[in-house]
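Report on the structure given below.
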Amino acid sequence: MKQLADDEQQHEYQNDLDQHLGILLDMRDSAARDKRRPWHHRRWFVLLFTLVVTAGLCKLAFWQWQRAMEKTAWLAQMAKMQQAGPRTLAQIDWQHPESLDGQPLQGKAEWVSPYVWLLDNQIVNGEVGYDVLIPVRAEGGSSLLLVNLGWVPAPSDRSQLPNPAIPAAMTLEGVLRMAPGGFLLGQNIEPGPYPNRLQSIRVETLRQAIGAPLADAVLYQRRTLFLYHYQHNVMPPEKHRAYGVQWLGLALVVLSGGVILTRRCSP
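Just add 11 to wherever you are in the sequence shown, counting from 1, and you've got the working numbering.
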């Protein structure tokens, strides 16, 4: 009887031991799974982040190469226009604006008084000032034309505006640029007597102020009483291509680093 009781006790002890050992093994397996899971999630996060950043950098590289091609084509078109010589407003066909960007222009014109706008935040040689903009009526022109007469320095007091002397008549001689515009935040034209401070060239807004047809273009006048500072080619195509190569190289670096980190994140 005693031997039987000892065997039953030993059997119960063995069952308890097996049960506790099973619990410990389950806990170990669960801990191992929990340990692997963060690495698994981290690997996918690194991979997704790498792909998104690489795609963005490749898009920037493609955009720079596209800008280089557009700039090359535009410079070739402008050189062809320069060789053909300037046109008058009577010879301008506004129905094909894409062929007019960079066109040399000349002719007689009259200022449409009293409209004078001062384009804000124009920096020349480190000094802040304004570009003087006026509408003119040219001989043979079907629409009024906006003319940039050049740059004037800004007074030290922001509340004061320069009062440039505008000639009633002038001889146009400059470069025509189509579809002007720019960044605009807040009010565009400040109210008050002319000249008005202007934040961005929005032809539709100026057209409403004048109450007459105004061409969607700006003539940068060379023969002027003010400072002519217009540059038609601020960034050459070669620089766009160089930036494109830089963005592409950075994309390759990010992609390579992401692949290495993804492998290291593997359990």
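The beta carbon of each residue, even a glycine, is placed where N, CA and C say it ideally should be.
Owing to the predicted nature of the structure, the values given are computational and were not obtained by experimental measurement.
For residue i, the nearest candidate out of the options (CA to CA)
i	options	result
Arg169	Leu238, Arg208, Tyr231 and Gln242	Arg208
Val135	Arg148, Pro164, His107 and Gly255	Pro164
Asn174	Met181, Val186 and Pro204	Pro204
Glu138	Arg98, Val256 and Leu238	Leu238
Leu187	Val214, Leu58 and Pro115	Pro115
Trp76	His251, Leu230 and Pro206	His251
Ala72	Gly185, Val123 and Leu263	Leu263
Thr216	Ala149, Leu157 and Thr61	Leu157
Gly1	Gly161, Ser110, Trp105 and Ile177	The shown model of the chain, from 12 to 278, leaves out residue 1, and the question about it has no answer.
Asn221	Leu272, Val127, Ser211 and Trp74	It should be noted that the sequence gives Ile, not Asn, for residue 221. The option with the nearest alpha carbon to Ile221 is Val127.
Tyr241	Trp74, Leu230 and Pro247	Leu230
Ser110	Arg233, Val270 and Ala84	Ala84
Buried versus exposed call for residue i [16 or more other C-beta atoms within 10 Å across all chains shown]
i	result
Gln25	In this prediction, Gln25 has a pLDDT of 49, which is less than 50 and means its spatial position is unreliable; what the coordinates show is noted afterwards. So Gln25 counts as exposed.
Met92	buried
Leu36	Here Leu36 scores only 46 on pLDDT, less than 50, and its place in the model is too uncertain to base an answer on.
Arg275	exposed
Val265	buried
Ala120	buried
Gln133	buried
Arg39	Confidence at Arg39 is low in this model, with a pLDDT of 48, below 50, so the placement of that residue is unreliable and no value is reported for it.
Limits of the beta strand (DSSP E) - the one that residue i falls within
i	result
Ile145	Glu138 to Ala149
Leu155	Leu155 to Pro164
Gln114	Gln114 to Trp122
Arg231	Inspection of the sequence shows that residue 231 is occupied by Tyr rather than by Arg. Leu225 to Gln232 is the extent of the beta strand (DSSP E) around Tyr231.
Val135	Trp128 to Val135
Glu109	Counting along the chain, Glu109 falls outside any beta strand (DSSP E), and DSSP gives it neither H nor E.
Thr11	The requested residue 11 is not part of the displayed model; the chain covers only 12 to 278.
Contact belief for residue i with residue j at Cβ below 8 Å, rounded distance in angstroms
i	j	result
Met89	Gly113	4 Å
Thr181	Asp227	In the sequence as presented, Thr is not what sits at residue 181; that position holds Met. The Cβ separation is near 21 Å, so there is no contact.
Asp142	Asn159	5 Å
Leu259	Cys69	7 Å
Boundaries of the alpha helix (DSSP H) in which residue i is found, first to last residue
i	result
Thr216	Val214 to Ile221
Leu261	Pro248 to Arg275
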